[in-house]
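In my numbering, the protein residues as written are 1 to 105.
Even for Gly, the Cβ is constructed at its ideal location relative to N, Cα and C.
If you're wondering where the values come from, they're calculated on a predicted model, not measured in any experiment.
Taking it in order: structure first as structure tokens, then the write-up.
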């Protein structure tokens, strides 16, 4: 099991230019989760992945073997992810009011 983990997130946003019009991009959140363990690399990687928020897309995983002396190794894995928020629903179009019916004699 991992002895600890660190969760950090940073906001990302931007604007796209298309056809001379400025369009606001959907902001995406990026973050990372780091886990450390004395057991093995695979368990450490799995511990970090289990801390990634649901719905996130894992973009990269980096693991390090840290020699801590006396033939002991500590494993550290960092999983990087992005999250794109769900699109905001657009209001439904309101139907145009119908013209009053004209009476026929």
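Check	Outcome
Nearest-angstrom beta carbon gap, residue 45 and residue 59 [assumed within contact, 8 Å]	Wrong, their Cβ atoms sit about 15 Å apart, outside the cutoff.
Beta-carbon spacing of residue 76, residue 34 below 8 Å	yes
Residue 49 vs residue 83 beta-carbon contact at 8 Å	no
Alpha-carbon to alpha-carbon, residue 52 and residue 81	7 Å
Residue 37 and residue 79 closer than 8 Å at C-beta	no
C-alpha distance - residue 85 paired with residue 55, whole-angstrom precision	9 Å
Burial state of residue 47 (16 or more Cβ within 10 Å)	buried
Opening and closing residue of the beta strand (DSSP E) in which residue 61 lies	57-69
Backbone CA spacing between residue 40 and residue 70 [nearest angstrom]	17 Å
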